[in-house]
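The structure appears below as structure tokens.
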Amino acid sequence: MKKNKFVVIGSGRLGSNIATIMSEKGEDVIIIDADDDSFRKLHESFSGYQVVGDATDLSILENAFIKQAKTVVIATDIDNVNIFLAHVCYYLYDVPKIFVRISDNDKGKLLEGTNIKPIYPFTLSLTEFNELNESEDDV
Amino acid sequence: MKIVITGGKHESDYIISMLKKEHHELIVINNDEGFAEYISSKNDIPVFPGDPTKAYCLQDAEAQNADVLLALSDDDTDNYVTCLTAKKLFNIKKTVSKVKNPKNVELFKKLGIDSVISSTYLIAQSILNESSVEDIIKTLSIEDEKIVMLEVPIKKEFAIVDKQIMDIKFPKNMNISCIFRNPHVIIPNGSTVILSDDNLIIVTTPEEQEKLIEFIQKKR
């Protein structure tokens with residue numbers, strides 16, 4: 453089976469924006485969220501599919517073409533759900549590229565030994581602060 | 013044994029009171045502070061209020077190197093992360109997770125949780141097993157439905173009565189683990205003779221189960 457889909461789980465600010473950007477770039481995007489309303493955050497230019505349902509239910513994931521996914525971005529607002537989904541995508545569906553947002557940096561340890569790529573908003577904010585702070589000093 | 017119990021309400025309460033009688037070393041963690049206090053005073057053991065999906069919480073509770081961890085919260089993904097943290101970061105040998113969604117039983121096992129319990133799943137399995145055989149026979153499934161234990165009452169008209177076990181050509185993949193012969197319990201060997209009114213406790217596989225029962229109940 454050809455793996456050519458781009459799956460986004462969680463249509464929050466991050467998920468919906470990534471979905472829009474990748475859709476604009478011509479990717480075949482499928483976005484999943486438990487709440488229909490969340491899709492309002494998608495930009496008009498989004499031309500992918502929307503799947504309403506709980507992604508921790510495998511039948512929903514499979515409806516969203518997870519088996520054909522080349523990339524999955526996991527960005528629900530609950531860390532434990534994100535970690536669980538990342539493992540499901542990695543161990544069960546062999547998704548080649550997995551990105552997952554994690555608020556609690558400590559939980560990143562649970563992803564060791566896989567090629568799942570964590571995104572830590574905390575680390576990013578800290579780095580940004582340091583850079584801004586240093587550039588202030590330069591003035 | 014050192015046992016860690018996380019989350020859960022009445023399940024946790026019941027299991028704690030049961031395990032405490034057997035003098036295990038119990039570490040109890042519960043997210044609900046009020047409930048933590050209640051269990052603590054009722055069972056006279058310390059309870060750590062906190063979120064067991066966070067590593068520092070297991071650290072504070074000194075859960076390192078425990079023999080077993082039971083995750084009993086109502087949230088399946090929380091239980092998954094608790095078990096994973098226990099295995100990966102705290103060297104806990106065996107993890108047991110309760111799940112609400114029966115579909116998660118197989119999934120969690122694939123993902124490395126040692127034992128997964130869902131009451132809905134168990135009910136469904138026992139209905140399936142019991143409807144496949146005659147109702148006079150009790151069955152118990154263990155280890156992923158790969159093994160079944162049967163209790164088969166022996167009637168005097170059966171062909172195998174009054175024969176030695178070694179002389180009976182039983183189907184393959186079965187073992188008579190013990191015989192209830194009121195009031196005794198016998199661990200049989202080849203020379204044991206099967207009598208009328210015995211209760212045979214047999215270990216076999218689900219595939220062989222029906223063939224085996226048919227064989228035993230064959231009349232002379």
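Keeping their order, the protein sequence lines are chains A and D. One rule links them: number in the numbering used here = place in the first sequence (from 1) + 452. One rule links them: number in the numbering used here = place in the second sequence (from 1) + 12. Where is the CB? At the ideal position from N, CA and C, for every residue including glycine.
At a cut-off of 7 Å, would you count residue i as near the ligand MG, judging by its Cβ distance to the nearest heavy atom?
{"i": "A/F498", "result": "This structure simply doesn't include the ligand MG, nor any ligand for that matter."}
Just to make sure I have the definition right: I need the residues of chain D whose C-beta is within less than 7 Å of the C-beta of residue i. Which are they?
{"i": "A/I535", "result": "V93"}
Find the residues of chain A that neighbour residue i, judging by a C-beta separation of less than 7 Å, and give them in chain order.
{"i": "D/T65", "result": "N532"}
{"i": "D/T89", "result": "T508, N532, V533, F536"}
Can you pull the chain D neighbours of residue i, defined as C-beta to C-beta under 8 Å?
{"i": "A/D558", "result": "K66, A67, Y68"}
{"i": "A/L510", "result": "K115, L119"}
Tell me the residue span of the alpha helix (DSSP H) that contains residue i.
{"i": "A/T508", "result": "Element bounds for A/T508: n/a, residue is neither H nor E."}
{"i": "A/E476", "result": "465-476"}
{"i": "A/H539", "result": "531-539"}
{"i": "D/N91", "result": "88-102"}
{"i": "D/F120", "result": "116-122"}
{"i": "D/A48", "result": "45-55"}
{"i": "D/I27", "result": "22-33"}
{"i": "D/Q71", "result": "67-72"}
What residues match up with residue i in a beta bridge as DSSP calls it?
{"i": "A/T523", "result": "A/F458, A/K549"}
{"i": "D/H196", "result": "D/R193"}
{"i": "D/S7", "result": "What the structure shows of chain D is the stretch from 13 to 232, and residue 7 of chain D is not part of that stretch, so it cannot be assessed."}
{"i": "D/F170", "result": "D/K231"}
{"i": "D/F17", "result": "Going by the sequence as given, residue 17 of chain D is Ile instead of Phe. Answer is D/V40, D/L82."}
{"i": "D/P4", "result": "Because chain D here runs from 13 to 232, residue 4 of chain D falls outside it and cannot be looked at."}
Exposed or buried, what is residue i when buried is set at 16 or more other beta-carbons lying within 10 Å of its beta-carbon?
{"i": "A/M453", "result": "exposed"}
{"i": "D/A136", "result": "exposed"}
{"i": "D/I159", "result": "exposed"}
{"i": "A/S587", "result": "exposed"}
{"i": "D/T216", "result": "buried"}
{"i": "A/H539", "result": "buried"}
{"i": "A/L578", "result": "exposed"}
{"i": "D/K184", "result": "exposed"}
{"i": "A/F581", "result": "exposed"}
{"i": "D/S24", "result": "buried"}
{"i": "A/P548", "result": "exposed"}
{"i": "D/P64", "result": "buried"}
{"i": "D/V93", "result": "buried"}
{"i": "A/G500", "result": "buried"}
{"i": "A/T523", "result": "buried"}
If I measure Cβ to Cβ from residue i and keep anything under 8 Å in the same chain, skipping five residues before and after, which residues do I get?
{"i": "A/I535", "result": "V552, I554, K559, L562, L563"}
{"i": "A/Q520", "result": "M453, K454, K455, N456, K457"}
{"i": "A/S497", "result": "T472, S475, E476"}
{"i": "A/P573", "result": "R553, S555"}
{"i": "D/L224", "result": "L162, F182, P183, M186, I214, T216"}
{"i": "D/I28", "result": "I17, L38, V40, I51, N55, I57"}
Got a sec? Which residues, its chain only, sit under 7 Å from residue i by beta carbon, not counting five neighbours each side?
{"i": "D/D147", "result": "For D/D147, the pLDDT reaches just 48, beneath the cut-off of 50, and the residue's location in the model is therefore unreliable, leaving the point undetermined."}
{"i": "A/Q502", "result": "I483, F491"}
{"i": "D/I180", "result": "I172"}
{"i": "A/I568", "result": "A538, Y542, I550, V552"}
{"i": "A/T528", "result": "I461, G462, N534"}
For a contact defined as C-beta to C-beta under 9 Å, what are the partners of residue i on chain A?
{"i": "D/L96", "result": "I535, F536, H539, L562"}
{"i": "D/T18", "result": "The contacting residues do not exist; D/T18 stays about 13 Å from chain A at best."}
{"i": "D/K100", "result": "K561, L562, E564, G565"}
For residue i, which residues of its own chain have a beta-carbon under 6 Å away from its beta-carbon, when the five flanking residues on both sides are left out?
{"i": "D/N116", "result": "D88"}
{"i": "D/I104", "result": "A78, L81, A98"}
{"i": "D/V16", "result": "I39, A75, A78, L81"}
{"i": "D/D210", "result": "I166, I191, R193"}
{"i": "A/S468", "result": "K493, L494"}
{"i": "A/E479", "result": "F458"}
{"i": "A/V525", "result": "V460, I470, F551"}
{"i": "D/L84", "result": "G19, G20, E23, S24, K110"}
What residue range does the beta strand (DSSP E) around residue i cover?
{"i": "A/Y501", "result": "501-504"}
{"i": "A/D487", "result": "No beta strand (DSSP E) holds A/D487; DSSP gives it neither H nor E."}
{"i": "D/S127", "result": "127-129"}
{"i": "D/E37", "result": "37-42"}
{"i": "D/P218", "result": "That residue, D/P218, is in no beta strand (DSSP E); its alpha helix (DSSP H) goes 218-228."}
Name the chain D residues whose beta carbon is nearer than 9 Å to that of residue i?
{"i": "A/Y543", "result": "K122, L123, G124"}
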